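Chemist: Have a look at the structure that comes next, please.
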Amino acid sequence: MTRPLRILVVGAGIGGLSAASALARIGARVDVIDDKPEISVAGVGFGLRINGLRAVREIGLLEKVLQIGHTAPGIDNYDAEGNLLSTMSYGTQDEGLPGCVTMSRIAFLELAARHALDNGCTFRMSTTVADIQQHDDTATVTFSGGDSADYDLVLGFDGLHSQIRRDYFGEKHAPRPVGGVAWRVGLPNRRRIMQPIICQGYGGKIMLTPLSEDTMYMVLTVAEEGRPRYDASRMAEIMHDRAATLTRGSEFLADALDDVRHAENVAYTPYSTVWVPYPWFRGRVMIMGDAAHTMTPYLGSGAAMSIEDGVVLAQELARNDAVLDAQLDFMKRRLPRVRAVHDRSIESMLEEFDSVTDETYRARIDHLRHDEPIANEYANRLLRMPY
Ligand SMILES: Cc1cc2nc3c(=O)[nH]c(=O)nc-3n(C[C@H](O)[C@H](O)[C@H](O)COP(=O)(O)OP(=O)(O)OC[C@H]3O[C@@H](n4cnc5c(N)ncnc54)[C@H](O)[C@@H]3O)c2cc1C
């Protein structure tokens, strides 16, 4: 094709913004839309391990990510009383990259949006797709504002509840609840922790992740069925009580739990997964990131996999003359890799929840002491495989 590819990215989240830069850097003309009025996100922080770090390096964002992030070599596992069970490494410092960088979600999004603008992408917020008409080699998109434009590719990076997935791939791929929830909140880093701490409780865990010397975030994950509606004014109190139940009143994280009680902006996220089987495209419409493959956060890799998607698609579009060839080669590379990470993320979660009774809790503690470092090393190697 002699003219630049015209690509619409639907969704200015972690994956969409990264894909926009990846595609603009191979010469595509990229428009990004999002139905929110401005870049924003639920949840405080997230981590990028080697898979995500390699991918942000590929789009020229690594240096800035290292500037806004906090580097952590591994994770310390504790029991509910605060006894250290094991320390898990995030892996060897492959290719000069740190094992894991944790950072503020909004800081990453702002960085990635600025980077996409610098790479020549255009943005329209408060905008979604009203209709897509597919022709032989283009897709005509009508926007929610009523205007329309032609694209060579439309990429649905619109997350767990993807409208593009629903409209073009069908209701049968709707999110499936997996029986766990996350309570998330930003807190002061009073203990000056330098790497994440996991406290295994009865039926779930509390994870503290440093963002800097002064700030950290807490993620509490616990088995919880259904989708209860909580009173928004009581979220901090409920999160505190959940945490106290998990630790059975232990003093170990009592200071952090006390901070939770007074915290604002507690985010509550029931875990659901999505797996759309081959292919993630219908003509010129594709889905990527969480829209195609939402996993649980147990390998800390949903965002990384979304970023990898955009990088791999850009590589394949640069290598192939025909869009269809690029789509097929993209699928060939992405399906086995994403499936393996997706499945392992679910297995890890189920292993953790099976710890409610005294007996299963003791078995879980034993596992964390002896077997989890090996399971973690498997995850390291999985994530380190080339994408
Ligand atoms: C508790 C928790 C912890 C996690 N921790 C990590 C971690 O440490 N590391 C990691 O790699 N991953 C982590 N993840 C997973 C990660 O957050 C997701 O995989 C990642 O955000 C997916 O990126 P995305 O761009 O595909 O989707 P999203 O980030 O969900 O972005 C979707 C975007 O699309 C927009 N949108 C939605 N609908 C429309 C529409 N109809 N029209 C236009 N725009 C629309 C939204 O406004 C949003 O901006 C975690 C997830 C959870 C729940």
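Under the working numbering, the residues of the sequence shown are numbered 12 to 398, in order. Beta carbons: idealized from backbone N, C-alpha and C, even for Gly. These figures come from a predicted structure and were not determined experimentally.
Within 10 angstroms of the Cβ of G181, are there 16 or more other Cβ atoms? Answer buried if so, exposed if not.
Modeler: Answer is exposed; the Cβ neighbour count stays below 16.
Chemist: Which residues does DSSP pair with S283 in a beta bridge?
Modeler: Paired residue(s): P188.
Chemist: Please give me, in chain order, every unbroken run of the beta strand (DSSP E) with length at least 3 that falls completely inside the region 123-177.
Modeler: Counting only runs of 3 or more, we get 133-135, 140-145, 150-154, 159-162, 164-167.
Chemist: Between the Cα of F341 and the Cα atoms of Q326, C210, F154, which residue gives the shortest distance?
Modeler: If we check each option's Cα against that of F341, Q326 comes out closest.
Chemist: Ordered along the chain, which non-local residues of its own chain (more than five positions away) have a Cβ less than 8 Å from that of R36?
Modeler: The answer, listed in chain order, is I70, G71, N130, A325.
Chemist: Unbroken alpha helix (DSSP H) runs of length 4 or more, entirely within the region 179-266: which are they?
Modeler: Correct list: 246-257.
Chemist: Please list the terminal residues of the continuous alpha helix (DSSP H) segment that includes S359.
Modeler: Run containing S359: 334-364, per the alpha helix (DSSP H) assignment.
Chemist: Can we count G27 as close to ligand 1, meaning its CB is less than 7 Å from some heavy atom?
Modeler: Flag set: Cβ of G27 near ligand 1.
Chemist: Going by CA-CA distance only, name the one from T149, V296, R395 that's closest to V352.
Modeler: Selected option, being the one with the closest Cα: R395.
Chemist: If distances are taken between C-alpha atoms only, which option among V296, K343, I318, V230 comes closest to V152?
Modeler: Of V296, K343, I318, V230, the residue nearest in Cα terms is V296.
Chemist: Can you tell me which of the three DSSP states S32 falls into?
Modeler: Of the three classes helix, strand and coil, the one that applies to S32 here is helix, per DSSP.
Chemist: Say whether the region 284-301 touches the region 44-57, bearing in mind that this needs 3 or more beta-carbon pairs closer than 8 Å, one atom from each stretch.
Modeler: Because the criterion of three Cβ pairs below 8 Å is not met, the region 284-301 and the region 44-57 do not touch.
Chemist: Check the C-beta distance from A127 over to S32 and give it rounded, since I have them as a contact under 8 Å.
Modeler: Right, the Cβ-Cβ distance comes to about 5 Å (below 8 Å), so this counts as a contact.
Chemist: Which partner residues does H81 have in the DSSP bridge list?
Modeler: DSSP, once it has assigned bridges, lists T113 as partnering H81.
Chemist: Are the CB atoms of T157 and T113 nearer to each other than 8 Å?
Modeler: Residue 157 is actually Gly in this sequence, not Thr. Their beta carbons are not under 8 Å apart, which means G157 does not touch T113 by this criterion.
Chemist: Answer yes or no: do E235 and V271 have a C-beta to C-beta separation smaller than 8 Å?
Modeler: No, they are not a contact pair.
Chemist: Please list, in chain order, all residues of the same chain as L77 whose beta carbon is under 8 Å from its beta carbon, the five residues on each side excluded.
Modeler: So the qualifying residues of the chain are P109, V112.
Chemist: Measuring only the C-alpha atoms, how far is R60 from L198?
Modeler: R60 and L198: Cα-Cα distance of roughly 22 Å.
Chemist: Tell me which same chain residues have a C-beta within less than 6 Å of the C-beta of M246, skipping the five on either side of it?
Modeler: Excluding sequence neighbours, M246 sits near V277.
Chemist: According to the Cβ coordinates, are T82 and V189 closer than 8 Å?
Modeler: Result no, Cβ atoms of T82 and V189 do not sit closer than 8 Å.
Chemist: Take the Cβ of S115 as the centre, count every other Cβ of all protein chains shown within 10 Å, and call the residue buried at 16 or more, exposed below.
Modeler: So S115 counts as buried.
Chemist: Starting from the Cα of Y398, find the closest Cα among F364, L34, R345 and give me that residue.
Modeler: Residue R345 is the option with its Cα nearest to Y398.
Chemist: What is the DSSP secondary structure of A55, reduced to helix, strand or coil?
Modeler: Here residue 55 turns out to be Val, not Ala, going by the sequence shown. V55: coil per DSSP, three-state reduction.
Chemist: Could you tell me if the beta carbon of S159 falls within a distance shorter than 7 Å of some heavy atom in ligand 1?
Modeler: No, since every heavy atom of ligand 1 falls outside the 7 Å radius drawn around the Cβ of S159.
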